[in-house]
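Numbering (the numbering used here), first residue to last: 23 to 180.
Cβ atoms here follow ideal geometry from the backbone N, Cα and C, with glycine treated the same way.
Bear in mind that the values here come from a model prediction, so they are computed numbers and not experimental data.
Report on one structure; see the data block that follows.
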C-alpha cells in the first residue's frame, strides 16, 4: 500500500512540474516575476512588409507614459493591436489607465479599429505575432486573421 502511495506522489509531482514549464521565457517577463525593471522591446514588427508606422507611433506614445512598463504594437490597414504591461504598483488604477489609453489611442488613430489590452496573455500573443511578422513575410489578410484571433482571446472571461 505504501508503494502505491509513493508512486502516486511521484506521478503528481511530475504532472505539476510539467504543467509549469510552458512559456517559460515569457513568464520571466511577467509582472509577478522578480524583474520589475522597464524592459525595452522594439515594440513593432519593423521587418514586415506592412507599414508599421501607426504601430510605432502608438508604441512610442505609450513608452513615454509612467504608468506603462512595456509595449508591443502591430497594425494592418484597418486594425491596430496594442498590448502593454502596467507596473505592479499601478495595478490598483488598472481600469482607469486602460480607459485613458484606449480613449487616447482612438483620438490619435481615428481611422483604425483599436484593440488595446493590458492582459499579460494578450501581450505574449502580440509579441509572438510581431516576431512572426519579422521572420516571415505575411500579407495583411493573414495578420488580420491573427489579430482577430487575439481580439477573441481578449474578449474571453477568465
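Can you check whether the CB of residue j is closer than 7 Å to the CB of residue i?
| i | j | result |
| --- | --- | --- |
| residue 128 | residue 136 | yes |
| residue 132 | residue 102 | no |
Could you have a look at residue i and say whether DSSP puts it in helix, strand or coil?
| i | result |
| --- | --- |
| residue 83 | helix |
| residue 72 | coil |
| residue 108 | coil |
| residue 135 | strand |
| residue 93 | strand |
Taking residue i as the reference, give the member of the options with the closest Cα.
| i | options | result |
| --- | --- | --- |
| residue 104 | 115, 30 and 120 | 120 |
| residue 99 | 166, 170, 27 and 140 | 166 |
| residue 97 | 107, 160, 113 and 122 | 160 |
| residue 147 | 107, 84, 24 and 74 | 107 |
Whole angstroms is fine: what's the gap from residue i's alpha carbon to residue j's?
| i | j | result |
| --- | --- | --- |
| residue 92 | residue 117 | 17 Å |
| residue 154 | residue 26 | 47 Å |
| residue 31 | residue 94 | 42 Å |
| residue 80 | residue 33 | 48 Å |
| residue 72 | residue 122 | 28 Å |
Is the beta carbon of residue i within less than 6 Å of some heavy atom of the ligand FMN?
| i | result |
| --- | --- |
| residue 81 | The ligand FMN is not among the ligands present in this structure, which contains no ligands whatsoever. |
Can you give the beta carbon distance from residue i to residue j, rounded, assuming they're within the 8 Å contact cut?
| i | j | result |
| --- | --- | --- |
| residue 111 | residue 144 | Between residue 144 and residue 111 the Cβ distance is about 21 Å, and since that is not below 8 Å, they are no contact. |
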